[in-house]
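To start, the structure under review is shown below, and the notes come after it.
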């Protein structure tokens, strides 16, 4: 039995309790019918006969889910109340037919999700009927259908049958409650087992993902090493410069994947502040004469944002290192990452010669680096703005949409 079937069983527990209760109603009507036959009143047989037919009809309606459980219950309650009234009038108040009304709350209490107005209405109806019957019938003479001895026996018999039914309902309720508790325990155990399996699968996936990032990083480092070896075998400065730029791009991506497999969460997110710190350390080693400054707020970026943004930063710094510092005595490159509302601003500044007048990054012919910057900024739906403020400044405005 799966979880959904378990939950259905719990939801239908009142239905399951009503089915044997309806059967008890039929048996009780057979018992009352036998009393009426003994009394020799064929016309009065209509009461238990109609009651039995009603109970049989609602039993099959309930069994086939053609009628809601609460409606079946209230039909049964009304039927019993009418029968008790008829039999109390026929045989007298003291014969104890009203005892059967006290059984109704036992079945009623098997369902714990009643609304307060339903509880009030039900109990008022039951006890109102009992008090009304007591008021009108307690001092009224019966129809003298049975002798006093038979009436006394009938009172004891009704009391015994009522107690027998009450004990049966209590035992059934106890068994039902026990089974329900066992079912709940099984559901909780199954959920705990499922959660443990999901947690194990999640841990396994994290390990696999970290291994993938590790291998990607290693492969990228191999490519970087091959490019570095290739540059040593060349004499053309232009080609060497192109290969070095390509190597820088590969290393920028490799650094992202290094951060990914170092992430304890094992997901697809990168601590971009930490990435920039490592990137600056690498640049300081490659360009010791340049002063690199980093001022960045903590920011976790999704892989889909971190890789393009990391490449943009790499391209901008490469451009500054190559073109900005001619005749500059104290070259400086600064990176600043700040959050403004739901957006982030990444500033890359240098104190070099600045940008040409009328500079437009979208102008054709500026080179591969400019094309890469434009393409990647469009990929992450960012805004690029350039300024001449004591050198060249580039502002990248973006949103961390991939994590939303």
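In the working numbering, the protein residues as written are 3 to 406. We put the beta carbon where it would ideally sit given N, CA and C, even for glycine.
| Asked | Found |
| --- | --- |
| Bounding residues of the alpha helix (DSSP H) (the contiguous stretch that carries residue 375) | 370 to 381 |
| For residue 251 and residue 273, the rounded distance between their alpha carbons | 19 Å |
| Start-to-end residues for the beta strand (DSSP E) that takes in residue 340 | 334 to 342 |
| Any non-hydrogen atom of the ligand GDP within 7 Å of residue 198 CB | What this structure holds is no ligand at all, so the ligand GDP is not there to describe. |
| Assigned secondary structure, residue 398 (DSSP; H/G/I helix, E/B strand, else coil) | strand |
| Three-state class that DSSP yields for residue 315 in the structure shown | helix |
| When 22, 285, 84, 98 are compared against residue 64, the one with the closest alpha-carbon | 22 |
| Reduced DSSP category for residue 348 - H, G, I as helix; E, B as strand; rest coil | strand |
| Cβ neighbours of residue 316 in the same chain (closer than 7 Å, five flanking residues each side left out) | 250, 251, 254 |
| Stretch-stretch touch, CB-based, cutoff 8 Å, three pairs: the region 350 to 358 with the region 394 to 401 | yes |
| Residue nearest to residue 1 in terms of C-alpha spacing, selected from 309, 275, 100, 333 | In the structure displayed, the chain extends from 3 to 406; residue 1 sits before or after that span and is not available. |
| Among 108, 174, 90, 171, nearest to residue 133 - alpha-carbon criterion | 90 |
| Three-state secondary structure assigned by DSSP to residue 104 | helix |
| For residue 245 and residue 277, believed in contact at Cβ under 8 Å, the rounded distance | In fact, because the Cβ distance is near 24 Å, the residues do not count as touching under 8 Å. |
| Proximity of residue 311 and residue 318 at Cβ, strictly below 8 Å | no |
| Inter-residue Cα distance where the pair is residue 237 and residue 401 | 43 Å |
| For residue 296, the residue or residues it bridges with in DSSP | 337 |
| Sub-8 Å separation of residue 106 and residue 82 beta-carbons | yes |
| Sub-8 Å separation of residue 58 and residue 46 beta-carbons | no |
| Extent of the continuous alpha helix (DSSP H) run through residue 275 | 274 to 288 |
| Identity of the residue in 219, 34, 231 nearest residue 259 by Cα | 219 |
| Residue 321 burial status per 10 Å Cβ neighbour count (16 or more: buried) | buried |
| Proximity to residue 28 [Cα-Cα], best of 43, 62, 70 | 62 |
| Beta-carbon separation (whole angstroms), residue 26 vs residue 121, contact threshold 8 Å | Contact flag wrong, Cβ pair sits at about 22 Å. |
| Identity of the residue in 288, 149, 384 nearest residue 346 by Cα | 384 |
| DSSP-derived helix/strand/coil call for residue 247 | helix |
| Residue 101 beta carbon less than 8 Å from that of residue 164 | yes |
| Proximal residues to residue 86 (C-beta, below 8 Å), its chain only, five neighbours per side dropped | 99, 100, 102, 103, 131, 135 |
| Distance, residue 242 Cα to residue 233 Cα | 5 Å |
| Proximity of residue 97 and residue 157 at Cβ, strictly below 8 Å | yes |
| Close-in-space but distant-in-sequence residues of the same chain around residue 56 (CB under 6 Å, 5 per side omitted) | 81 |
| For residue 176, the three-state DSSP class (helix, strand or coil) | helix |
| Those residues which DSSP pairs with residue 390 across a bridge | 394 |
| Residues bridged to residue 302 (per DSSP) | 273 |
| Pairwise C-alpha distance: residue 44 and residue 34 | 12 Å |
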